[in-house]
Every structure is written in structure tokens, then in C-alpha cells.
Amino acid sequence: MTQPSLMEKIVSLCKRRGFVFPSSEIYGGFAATYDFGPMGFLLKKNIEKAWRRWNVEMREDVVEIEGAIFMHPRVWEASGHVGGFADVLVEDMVTHKRYRADHLIEEAGLLENAGGLSLQEIDDLIRSHGLRSPDGNPVSSAKKFNQLVKTHLGATEDDTTLVYLKGESCQNIYLNFKLVQETMRLKLPFGIAQIGKAFRNEITVKNFLFRTREFEQMDVQYFCRPADADRYYEEWKENRWKFYTEFMGFSAENVRWRQHSPEERAFYAKDAWDVQYRFGEIGFQEIEGIHHRSDYDLTQHQKFSGTDLSYLDQETGDRFIPYIVECSGGFNRLFLSAMFDAYREEGEGDKKRVYLAFKPSLAPYKAAVFPLLANKPQLVEKAKAIFSILDSRFSPIAWDDRGNIGKRYYAQDEIGTPWCVTVDFQTLEDGTVTVRDRDTAEQKRLPIKELTTFIQTGLSS
Ligand code: ATP
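The numbering of the sequence shown is the working numbering, which starts it at 144 and goes up by one.
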């Protein structure tokens with residue numbers, strides 16, 4: 144029997160413990176869309192909170208906005224998405240299934256990164272190596288396929304009512320640059336952050352949350368003087384490394400950098416690096432891009448909208464379009480990397496346990512409270528009182544009085560609850576409880592009055 148891959152184990156855990164469900168499952172599912180279940184929702188909120196804490200609250204120079212999904216259709220012409228936001232596809236000549244040409248070339252081992260190839264180069268590679276589709280059939284020549292998701296708003300369905308769902312979330316930030324700068328009276332350098340939806344008609348849909356058609360992007364767009372941009376680019380790179388390896392606590396060996404080659408980079412970009420995370424058997428893949436974007440975005444919107452987006456430096460009297468250093472990550476990939484990083488298996492056979500070693504502040508529940516026996520009213524009453532104390536400080540707290548204690552520990556381990564507090568008969572005598580640690584599975588007795596300090600200390604470590 145073949146062993147399931149780490150990705151398969153995580154997909155299965157996500158479903159069985161209420162983290163992530165395939166969207167529309169009762170209709171047989173809907174490709175590359177997922178719903179967050181109760182545990183996934185709590186984890187999502189905690190990850191967003193951590194992201195916001197690091198990128199906005201702990202800084203004095205970043206503010207956050209939340210923009211609309213619908214924007215003026217010209218935005219996507221100015222941004223280059225209508226003309227150029229395209230994947231290069233080839234079609235299986237027998238099944239007519241379409242595949243991303245760069246992925247076929249990479250999976251065949253011809254190039255490590257085929258993202259920057261021209262149509263001609265792709266066709267040449269396919270022909271010279273006799274590349275076939277995954278079903279073993281010949282493929283067509285390469286064609287561009289626009290990824291923007293379109294719809295209509297208004298009473299008719301024609302070109303005049305065509306609108307696009309956001310292909311990338313950061314466009315709201317560029318459009319609001321001037322309003323934010325003026326209303327908040329900000330001076331360069333400053334950043335605008337946003338967690339916002341993005342939609343892409345992705346053709347290769349596999350690897351669970353890694354590539355979805357609807358996802359949230361987590362952006363910081365940092366506006367600065369052109370002469371300072373190189374320095375801030377380096378600072379943000381350092382900042383991103385610390386965010387993943389220190390603040391999120393990801394193991395440093397699972398995180399690495401990849402620089403874009405000049406062919407891959409947009410013509411206006413001075414430099415571009417991806418932060419990659421090692422997703423088990425799939426290997427290192429992009430979770431965030433850090434881009435040195437020059438003044439391209441604001442210049443384009445100034446040109447297409449006819450609105451002056453320049454910045455007046457009060458001290459020198461200079462007027463110019465600021466440069467942008469962009470940090471653009473995706474929530475689904477951050478969520479998935481948090482799951483991969485936390486997943487642990489221990490022991491064999493009956494003794495085997497799976498647990499999610501989340502940093503305590505990320506865990507869906509901060510602690511769980513159990514009465515040892517559900518049919519002993521004194522134990523239940525005492526456990527409820529402890530639950531209330533902890534819940535008022537560290538909400539949400541889990542409550543479980545079903546099945547035996549071993550099963551309850553097992554269930555809390557699989558959702559990553561750092562501490563389980565059990566009320567037993569000794570509690571009624573001496574006011575102590577059993578506290579079990581998720582990572583070591585060790586149990587110790589603690590006086591009830593020390594519980595909140597104990598949990599608070601664990602959460603801040
Ligand atoms: P890829 O090359 O993997 O398609 P990209 O370079 O197009 O990604 P960007 O446009 O730079 O990605 O978007 C920034 C971030 O948004 C990515 O680092 C990733 O975390 C996230 N992202 C992009 N596309 C998807 C997707 N289809 N599903 C989930 N997250 C995505």
C-alpha cells in the first residue's frame with residue numbers, strides 16, 4: 144500500500160477536523176474553490192490578526208484599507224491586465240484539455256522555471272523534446288489565455304456593462320494612494336496595507352489551497368522617494384524573512400528566496416524575489432512576491448484616469464510620482480504553509496498521534512476544558528466555572544465532555560489546542576487541575592488560580 148503524501152494527510156485532516164471543505168461538496172464540488180469550516184475560520188482570523196499586527200499595528204508608517212471588489216473597468220486596462228494578464232496554454236489534441244505550458248515544461252524537467260518564455264520558445268521546446276500532455280497525447284502550439292474573471296453589472300449584457308472581478312487586490316491601494324495620503328496627512332515613505340479578494344481563471348488547478356480561483360491577497364505597498372527605493376526594497380526583504388521565520392515561527396529550513404530572472408520580470412520592475420515555502424513532496428513554491436515596481440502603477444493610473452497622482456515634497460518643493468516596493472502574499476498559501484509547518488506525527492500503531500504544533504496565538508482554541516466525567520455534576524460545575532474564567536480572558540476556549548479523556552486529547556491535538564485542562568476529583572479537594580501540553584503530551588497539576596498566568600505566559604512566548 145502506498146503511503147499518503149504529506150499534502151494528502153493535510154487535506155484529509157483539514158476536512159475531518161473542520162478546517163477546509165471543498166466548495167459545493169453536496170453538488171460534487173467545484174474546482175479550485177474551498178470553504179473554511181469552523182476551525183479553519185478561527186485559524187484564518189488568527190493568521191490575519193498576526194499579519195495585521197506585524198505589518199500594520201507594530202509600525203508607525205503603514206495604514207490599512209479595505210477596497211471594493213468592483214472597480215472601474217479602465218483600471219484593468221491601465222494595470223495591463225486586459226492586455227497582458229495571460230497564462231500560456233497548450234491544448235491536448237485528443238482530449239482538448241488545456242494545460243499551462245510553463246508547468247508542462249517544468250514538470251518534464253526541461254527547465255526549473257519556464258515562466259518567462261516567449262510563445263516561440265515554448266513551441267520550440269515542445270517540438271524539439273516531443274513533449275506530450277499528461278494523458279500522453281500531442282499538444283497544440285502555445286496560445287495566450289486571459290485570466291481575468293468577467294461579469295456584467297447593469298441592465299444589459301453587452302460591452303458597455305462589462306466589468307472584471309479583481310485580478311489582483313492591490314489595485315485599490317494605487318487608486319486610493321492620493322486620498323489616503325491627503326486624508327491621513329502622510330509623508331513619504333509610508334505604506335498602505337490590504338487584505339482583499341482576488342479572482343483568477345486558473346487553468347492548472349491542483350494542490351488544494353495552493354492554486355485556487357478565488358483567494359485573498361495580503362499586500363503592503365510601500366511608497367517612497369525614487370532615490371530611497373533600493374534601500375527600502377532591501378529593508379522589506381529582510382522584514383519578510385523575519386515575518387515568516389520569527390513572527391509566524393516557521394522553520395527556517397522550509398523557507399527560502401528565489402530571484403526572478405530578467406526575462407521573467409515585468410519590463411518596469413527593477414528587481415523581484417519570491418519567498419518560497421517547502422510544501423512537502425511538491426517542494427519549494429512561491430508564497431509571496433517582493434517587487435521593486437518603480438513608478439509604473441501610479442504613472443499608469445495617472446495616464447488612464449487623467450488625475451494627478453504626483454506627490455509634493457513640502458521640504459524640497461519637488462513634485463514626483465513615488466516609487467513602490469510591493470510585498471504581495473496570498474492568504475491561502477499562508478494558511479497552507481501554517482498547516483504544513485505545524486503538522487506532526489508521533490509514535491506507532493495505537494500510540495500514534497497527530498498534532499498541529501501551531502504557535503499558541505495562532506491556534507483556533509487557546510485551551511480546552513474538560514470535566515473528567517460528564518455524569519458527575521460537581522465536576523461539570525467546577526469545569527464550567529473554569530471555562531468561564533478562561534473564556535473571558537482567552538476566548539475562544541473549547542469545551543468537551545464527550546467520550547473518554549484520551550479521545551478528547553486526540554481531537555484537541557489534531558486541531559492544535561496548546562493546553563487541555565481537566566477537572567477531576569482531586570480538583571474538588573485541593574483546587575488543582577491537570578494541564579496537558581499538546582507538544583510533549585506531558586501532564587502536570589496546577590492550582591486553578593495559576594491557570595490564567597500560565598496560559599498568558601505561553602501565549603506570549
Ligand atoms: P503563480 O506564479 O504561482 O501563479 P503569481 O506570481 O501570479 O503566482 P502574484 O500575482 O505575484 O502571484 O500574487 C501574489 C501572491 O498571491 C502569490 O505569492 C500567492 O501567494 C498568491 N496567489 C496568486 N495566485 C494564486 C492562486 N491562484 N491561488 C492562491 N494564491 C494565489
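Note that CB positions come from ideal geometry on N, CA and C, so glycine has one too. Since this is a predicted model, take the numbers as computed values, not measurements.
Residue i to residue j span [Cα, whole Å]
{"i": "Thr309", "j": "Ile212", "result": "One detail in the question is off: residue 309 reads as Lys in this sequence, not Thr. Their Cα atoms are separated by approximately 6 Å."}
{"i": "Val306", "j": "Thr355", "result": "21 Å"}
{"i": "Asp414", "j": "Ser271", "result": "32 Å"}
{"i": "Thr238", "j": "Ile467", "result": "44 Å"}
{"i": "Val363", "j": "Val418", "result": "15 Å"}
{"i": "Glu377", "j": "Ser531", "result": "47 Å"}
{"i": "Tyr508", "j": "Gly180", "result": "14 Å"}
{"i": "Ser353", "j": "Asp456", "result": "It is worth fixing the name first, because residue 353 is Phe in this sequence and not Ser. If I take the Cα positions, the gap works out to 42 Å."}
{"i": "Arg588", "j": "Asp582", "result": "17 Å"}
{"i": "Arg275", "j": "Trp219", "result": "34 Å"}
{"i": "Gly252", "j": "Ala244", "result": "13 Å"}
{"i": "Leu254", "j": "Leu260", "result": "10 Å"}
{"i": "Ile190", "j": "His295", "result": "34 Å"}
{"i": "Ile558", "j": "Arg159", "result": "10 Å"}
{"i": "Glu207", "j": "His444", "result": "20 Å"}
{"i": "Ser471", "j": "Pro277", "result": "32 Å"}
{"i": "Asn256", "j": "Ser480", "result": "21 Å"}
{"i": "Ala285", "j": "Phe422", "result": "29 Å"}
{"i": "Asp556", "j": "Asp543", "result": "13 Å"}
{"i": "Ile316", "j": "Asp440", "result": "10 Å"}
{"i": "Gly258", "j": "Ser283", "result": "18 Å"}
{"i": "Tyr177", "j": "Gly210", "result": "22 Å"}
{"i": "Asp580", "j": "Ser394", "result": "20 Å"}
{"i": "Phe597", "j": "Leu522", "result": "22 Å"}
{"i": "Glu200", "j": "Glu359", "result": "20 Å"}
{"i": "Ser437", "j": "Glu311", "result": "18 Å"}
{"i": "Ala341", "j": "Ser167", "result": "19 Å"}
{"i": "Asp493", "j": "Ile425", "result": "29 Å"}
Range of the contiguous beta strand (DSSP E) that encloses residue i
{"i": "Gln419", "result": "414-421"}
{"i": "Ser471", "result": "466-473"}
{"i": "Thr600", "result": "Here Thr600 belongs to no beta strand (DSSP E); instead the alpha helix (DSSP H) covers 594-603."}
{"i": "Arg159", "result": "Element bounds for Arg159: not the beta strand (DSSP E) but the alpha helix (DSSP H), 149-159."}
{"i": "Arg496", "result": "496-499"}
{"i": "Met609", "result": "Nothing about residue 609 can be read from this structure; the chain reaches only from 144 to 604."}
{"i": "Lys502", "result": "Taken as a continuous stretch (DSSP letters only), Lys502 belongs to no beta strand (DSSP E), as it is neither H nor E."}
{"i": "Gln402", "result": "398-402"}
{"i": "Arg487", "result": "486-489"}
{"i": "Val282", "result": "Neither: Val282 is in no beta strand (DSSP E) and is coded neither H nor E."}
Burial state of residue i, where buried means 16 or more other Cβ atoms lie within 10 Å
{"i": "Thr565", "result": "buried"}
{"i": "Met236", "result": "exposed"}
{"i": "Gly334", "result": "buried"}
{"i": "Tyr170", "result": "exposed"}
{"i": "Pro561", "result": "buried"}
{"i": "Asn547", "result": "exposed"}
{"i": "Arg545", "result": "exposed"}
{"i": "Leu505", "result": "buried"}
{"i": "Trp400", "result": "exposed"}
{"i": "Asp573", "result": "exposed"}
{"i": "Leu322", "result": "exposed"}
Unbroken alpha helix (DSSP H) run spanning residue i, endpoints
{"i": "Ala554", "result": "548-558"}
{"i": "Ala244", "result": "244-250"}
{"i": "Ala511", "result": "Element bounds for Ala511: not the alpha helix (DSSP H) but the beta strand (DSSP E), 510-514."}
{"i": "Leu262", "result": "262-272"}
{"i": "Arg383", "result": "372-385"}
{"i": "Thr570", "result": "568-573"}
{"i": "Glu524", "result": "520-537"}
Short CB-CB distance (under 7 Å) between residue i and chain D
{"i": "Thr238", "result": "In the displayed structure, chain D is absent; only one protein chain is listed."}
Which ranges does the beta strand (DSSP E) cover as unbroken runs of at least 3 residues, wholly within the region 286-350, from first to last along the chain?
-> DSSP runs (the beta strand (DSSP E)) wholly in the region 286-350: 286-289, 293-295, 305-307, 333-342.
Is the region 561-575 touching the region 525-543, taking contact as three or more C-beta pairs under 8 Å?
-> Flag = yes, the region 561-575 and the region 525-543 touch.
Which residue spans inside the region 169-204 form an unbroken beta strand (DSSP E) run of at least 3?
-> Counting only runs of at least 3 residues, the region 169-204 fully encloses the following beta strand (DSSP E) elements, listed from N- to C-terminal order: 177-179.
Where in the region 202-234 do unbroken runs of the alpha helix (DSSP H), each at least 4 residues long, occur, reported from the N-terminal end onward?
-> Within the region 202-234, the complete alpha helix (DSSP H) runs of at least 4 residues are 217-221, 224-227.
Let me know the alpha helix (DSSP H) ranges lying completely inside the region 431-456, each 4 residues or longer, listed in chain order.
-> The region 431-456 contains these whole alpha helix (DSSP H) runs: 439-448.
How do the region 483-498 and the region 508-522 stand: do at least 3 beta-carbon pairs fall below 8 Å, yes or no?
-> With a cut-off of 8 Å, the region 508-522 and the region 483-498 do not count as touching, because too few Cβ pairs lie within range.
Specify whether the region 460-479 and the region 428-437 touch according to this definition: at least 3 beta carbon pairs, one from each stretch, less than 8 Å apart.
-> Yes, the region 460-479 is in contact with the region 428-437.
Counting pairs of beta carbons, one from the region 377-393 and one from the region 221-234, are three or more of them closer than 8 Å?
-> These segments do not touch.
Is there contact between the region 286-299 and the region 335-345, where contact requires at least three CB pairs shorter than 8 Å?
-> The region 286-299 makes contact with the region 335-345, as at least three CB pairs between them are under 8 Å.
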